[in-house]
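Accompanying notes for the structure given below.
In our numbering, the protein residues as written are 23 to 501.
Below, the structure written as structure tokens:
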């Protein structure tokens, strides 16, 4: 794989001085077009020590408008990052549409170095590769342009380059102890990197391997490759047909399904309710205070029809907790900033740190519920969302986060009764809107979508808790 990057390729000074201004001008023009587009660009710059990663990124920032570029050099994990799943640090750094993000090494550098230094097993490397391939595939589907560079040096060229940098007082800071440690493991590093690049170089996100020996050759090759990728994506964007207007879909639930099979007659009398609620709240309060010591966080997800009792159940939970440790997040339509990022970005960035509790009144399941039913998401978007959500939740649970998902179910008759009660009670009237009545007319479609959701996202690591909600007291105690 690296043989073609060890040929000693160069570009003479005259050629460079003739070509560089043309490429620079074209990159600026492509960046201006990007600013008005509906996609973002993620550039990954990896490679061996001394191959010119920093100088190459510096050049891109010089040739382009740095105000439209976010640069991320992620080294050791911060305390904040260690308390979240490994991919959290990258999700929160993704650029919005119209902008570019440059990542040194990105999500590939960690697994490569960990395997080189024998900090992870081959199986763990395989798992990291699979996760990264799926992550990049998801970014591609969300419209992100991925441009990946690996800057390479032969063993002889790397040794020469590291010594040159160390001998230059102005450049010696670029050489760290880790660079020499890696040089001693050159063959291992090369083998691991080749394995990773082969398996993560996909049609959606290929690698461009660049020989880093000659500065002029390296700079022009990277700049031209980035320009070609941006131009190609911009041309495809112009040719893409406009998105169709959203339209509701027709769905019919199976007459025998997991929601229909719930015993909606379950109830508690007032005395039993007060006793059991008090006991459950006491136990929950003790457990919530142990989260910090255990270095665990908790996410509670509430989904269900309008007026199913989500808010009431949440209030009984928070009454048992210290207000300093929990946050209730009510999910509404995405903001412009959220629409300008991949769908799950708005949820990844709010993952709680250790010792904290996040309670979602509606959640990331909106894509396979309301967005599917109302036609706000294209079929390909909501269909792949099941897999993407499962991967999201799997990463949370693998990290040690406690995830509990509730579906609060009620019957159509009970919903009607609660709607009428809200209309007739002055202090409850703010809870009922015209949209609630419109959604009620699509009851069957929402039930069918919910059944699909429960079936496809109720995994062993993140199962759904189905709550019989006709009797509020029963539902609150069960939750």
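Built from N, CA and C at the ideal position, the CB exists for glycine as well.
Beta-carbon gap between residue i and residue j smaller than 9 Å
i	j	result
residue 320	residue 425	yes
residue 215	residue 70	yes
residue 501	residue 338	yes
residue 304	residue 497	no
residue 582	residue 273	There is no way to answer for residue 582, as the model of the chain reaches only from 23 to 501.
residue 483	residue 416	yes
residue 151	residue 121	no
residue 430	residue 489	yes
residue 61	residue 94	no
residue 260	residue 422	no
residue 23	residue 220	yes
residue 342	residue 302	yes
residue 436	residue 286	yes
residue 236	residue 481	no
residue 476	residue 280	yes
residue 174	residue 27	yes
residue 108	residue 418	no
residue 45	residue 313	no
residue 205	residue 238	no
DSSP beta-bridge partners of residue i
i	result
residue 170	66, 229
residue 158	In DSSP, residue 158 forms no bridge with anything.
residue 123	64, 92
residue 324	383, 428
residue 352	383
Closer than 9 Å to chain D by CB, residue i
i	result
residue 230	The structure shown contains no chain D, having only a single protein chain.
Unbroken beta strand (DSSP E) run spanning residue i, endpoints
i	result
residue 431	424-431
residue 486	486-490
Residue i Cβ short of 8 Å to the ligand ADP heavy atom set
i	result
residue 97	The model on display carries no ligand, and the ligand ADP is accordingly not part of it.
Start-to-end residues for the alpha helix (DSSP H) that takes in residue i
i	result
residue 468	465-479
residue 138	128-138
residue 310	292-311
residue 24	Taken as a continuous stretch (DSSP letters only), residue 24 belongs to no alpha helix (DSSP H), as it is neither H nor E.
residue 420	401-421
residue 331	Unbroken run through residue 331: none, as it is neither H nor E.
residue 482	First-last for residue 482: undefined, no H or E at that position.
residue 4	With the chain covering 23 to 501 only, the question about residue 4 has no answer from this structure.
residue 445	434-446
residue 186	177-189
residue 164	First-last for residue 164: undefined, no H or E at that position.
residue 361	358-361
residue 461	456-462
residue 499	494-500
residue 192	Here residue 192 belongs to no alpha helix (DSSP H), and DSSP marks it neither H nor E.
residue 280	Neither: residue 280 is in no alpha helix (DSSP H) and is coded neither H nor E.
residue 395	392-396
Note to self: In chain order, what are the residue ranges of uninterrupted alpha helix (DSSP H) at least 4 long that sit wholly in the segment 197-273?
What the structure shows: 199-206, 208-222, 237-261
Check: Does the count of Cβ pairs from the segment 385-396 and the segment 311-325 closer than 8 Å reach three?
Finding: yes
Next item on the list: Any chance you could list the beta strand (DSSP E) runs of at least 3 consecutive residues sitting entirely within the segment 50-120, in chain order?
Entry: Scanning the segment 50-120 from its first residue to its last, the whole beta strand (DSSP E) runs of 3-plus residues come out as 63-69, 91-94.
Notebook entry, point to check: Can we say the segment 152-171 touches the segment 226-234, given the rule of at least three CB pairs closer than 8 Å?
Noted result: Yes, the segment 152-171 is in contact with the segment 226-234.
Margin query: Three Cβ pairs or more, each shorter than 8 Å: is that satisfied between the segment 440-455 and the segment 344-356?
Written below: no
Next item on the list: Evaluate contact between the segment 190-208 and the segment 47-66, counting only Cβ atoms and requiring at least three cross-stretch pairs below 8 Å.
Entry: no
Notebook entry, point to check: Do the segment 178-189 and the segment 141-148 meet, that is, are 3 or more Cβ pairs less than 8 Å apart?
Noted result: no
Next item on the list: Say whether the segment 244-261 touches the segment 367-382, bearing in mind that this needs 3 or more beta-carbon pairs closer than 8 Å, one atom from each stretch.
Entry: Taking a cut-off of 8 Å on C-beta distances, the segment 244-261 does not touch the segment 367-382, as fewer than three cross pairs fall below it.
Note to self: Within 8 Å, do at least three Cβ pairs link the segment 356-372 to the segment 153-166?
What the structure shows: Output reads yes: the segment 356-372 touches the segment 153-166.
Next item on the list: Could you tell me whether the segment 74-82 touches the segment 109-121, using the rule of 3 or more Cβ pairs below 8 Å?
Entry: no
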